[in-house]
Amino acid sequence: MSLSVELAVRERLLATAHAMSAAGLNTGTAGNVSVRIDGGMLITPSGMPPVACTPEDMVIVTADGSASGRVAPSSEWRFHHDLYTRRPEVGAILHAHAPFATSLACQRIEIPPFHYMIARFGGNTVRCARYATFGTQALSDNILAAMDGRSACLMANHGMLVSGRDLDNALDLAIEFETLCEQYWRTRQIGEPVLLSDAEMAEVVERFRWYGKPRAG
Ligand SMILES: [Zn+2]
């Protein structure tokens, strides 16, 4: 990667971190975002709010898990790293302590098919990863299990995680996911929602496979 290309990716990553704050997904130093690059990933630093960062503060973590940069990578770099290794189609990962998603995650709720948009994340439900201490391999393992076949999960007593093909896609999905969490939270205030059936959800999952793509034939 040339230096000018690398700087552009650093700027894009920091801009996404700012956009997460602006969208209300994160406040202060909570949350982090990364993007796949040749030979590894670029991730936001540990303990620095986006407003205090420059593009040079974004940290490269190589495929073997070693970091190079003037500051340390996010303490939660491990699950980003493991997800890129496991899922070759993932180009960007966004982790947030967004208010509604986190409220549901503290209840350790698996979000059921209360709305067809759940299928946007790959299946009939959005799972909640089992609890483990932040920054640990155990948490990463739990997240990988919850993300199997999916592009979003809750993280018990912690927050949420979304993967996308690139930074813009991951940000869009994260905002959609937090909106869904709010809708689920609100509908639960007035009772138990009517859930969509497996057949109804299978049809939506199939449609999303083609969503936004030119259809052959
Ligand atoms: Zn976190």
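Quick note: the sequence shown uses my numbering, first residue 11, plus one each step.
We put the CB at the ideal spot given by N, CA and C, even for glycine.
These figures come from a predicted structure and were not determined experimentally.
Q | beta-carbon M165 near ligand 1 non-hydrogen atom, thresh 8 Å | A | As a position in the sequence shown, residue 165 is number 155, starting the count at 1. True, at least one ligand heavy atom lies under 8 Å from that Cβ.
Q) Would you call the region 106-118 and the region 173-181 touching, i.e. three or more CB-CB distances under 8 Å? A) no
Q) Does ligand 1 have even one heavy atom less than 8 Å from the beta-carbon of A148? A) By 1-based counting over the sequence shown, the position of residue 148 is 138. For ligand 1, not one heavy atom lies less than 8 Å from the Cβ of A148.
Q. Is the closest heavy atom of ligand 1 to the C-beta of A27 under 8 Å?
A. Indexing the sequence shown from 1 puts residue 27 at position 17. No, ligand 1 has no heavy atom inside 8 Å of this Cβ.
Q | Spatial neighbours of I185 in its chain, beta-carbon cut-off 8 Å, leaving aside the 5 residues before and after | A | Working through the sequence shown from its first residue, we reach residue 185 at position 175. The residues are A33, L35.
Q | Exposure label - T95; buried when at least 16 CB within 10 Å | A | Within the sequence shown, numbered from 1, the residue matching residue 95 stands at position 85. Under this definition T95 is an exposed residue.
Q.
Nearest by alpha-carbon distance to T135: which of V215, N42, A18, S56 is it?
A. For the purposes of this step, residue 135 is taken as the residue at position 125 of the sequence shown. Taking only the C-alpha atoms, the option nearest T135 is V215.
Q | Separation of L93 from L154, as counted between CA atoms | A | For the purposes of this step, residue 154 is identified with residue 144 of the sequence shown, where counting begins at 1. For the purposes of this step, residue 93 is identified with residue 83 of the sequence shown, where counting begins at 1. Each residue's alpha carbon lies about 7 Å from the other.
Q: Would you mind stating whether A139 and A111 have Cβ atoms separated by less than 9 Å?
A: Within the sequence shown, the letter at position 129 stands for residue 139. Within the sequence shown, the letter at position 101 stands for residue 111. Against a cut-off of 9 Å, the Cβ pair of A111 and A139 comes out as no contact.
Q.
For F131 and V81, I'd like the C-alpha separation in whole angstroms.
A. On the sequence shown, position 121 is the one that residue 131 refers to. On the sequence shown, position 71 is the one that residue 81 refers to. C-alpha separation (whole angstroms): 33 Å.
Q | Spatial distance of P59 from T37 (CA atoms) | A | Along the sequence shown, one-based indexing puts residue 59 at 49. Along the sequence shown, one-based indexing puts residue 37 at 27. Distance between the alpha carbons of P59 and T37: 8 Å.
Q.
Can you determine whether any heavy atom of ligand 1 sits closer than 8 Å to the C-beta of G169, and answer yes or no?
A. Within the sequence shown, the letter at position 159 stands for residue 169. The answer is yes for G169.
Q.
Taking only three categories from DSSP, how would you classify H105?
A. By 1-based counting over the sequence shown, the position of residue 105 is 95. Strand, per DSSP.
Q: Report the rounded CA-to-CA distance for G227 versus E213, giving the unit in angstroms.
A: For this step, residue 227 is matched to residue 217 along the sequence shown. For this step, residue 213 is matched to residue 203 along the sequence shown. Reliability fails at G227, whose pLDDT of 42 lies under 50, so the model's placement of it is uncertain and the value that follows must be treated cautiously. C-alpha separation (whole angstroms): 19 Å.
Q: Determine contact between the region 22-31 and the region 52-72, defined as no fewer than three beta-carbon pairs at a distance below 8 Å.
A: yes
(Q) Looking only at its chain, what residues have a beta carbon closer than 6 Å to the beta carbon of A29, apart from the 5 residues adjacent to it on each side? (A) On the sequence shown, position 19 is the one that residue 29 refers to. So the qualifying residues of the chain are L181.
Q: Starting from T189, trace the alpha helix (DSSP H) both ways and give me its first and last residue.
A: Residue numbering aside, residue 189 sits at position 179 when the sequence shown is read from its first letter. Counting along the chain, the alpha helix (DSSP H) containing T189 begins and ends at 177-199.
Q: Just the C-alpha distance for M165 and F89, rounded to the nearest angstrom, thanks.
A: For the purposes of this step, residue 165 is taken as residue 155 along the sequence shown, with counting starting at 1. For the purposes of this step, residue 89 is taken as residue 79 along the sequence shown, with counting starting at 1. Rounded to the nearest angstrom, the two C-alpha atoms are 12 Å apart.
(Q) Rounded to the nearest angstrom, what separates M127 and A162 at their Cα positions? (A) Working through the sequence shown from its first residue, we reach residue 127 at position 117. Working through the sequence shown from its first residue, we reach residue 162 at position 152. C-alpha separation (whole angstroms): 12 Å.
Q.
Any beta carbon from chain B within less than 9 Å of E21's own beta carbon?
A. Given the protein chain composition of this structure (a single chain), no chain B is represented.
**Q.** Nearest to G133 (by Cα), restricted to the options F218, R198, V43
**A.** On the sequence shown, position 123 is the one that residue 133 refers to. Nearest C-alpha to G133: F218.
Q) Under three-state DSSP, which class holds L164? A) As a working mapping, residue 164 is identified with position 154 in the sequence shown. L164: strand per DSSP, three-state reduction.
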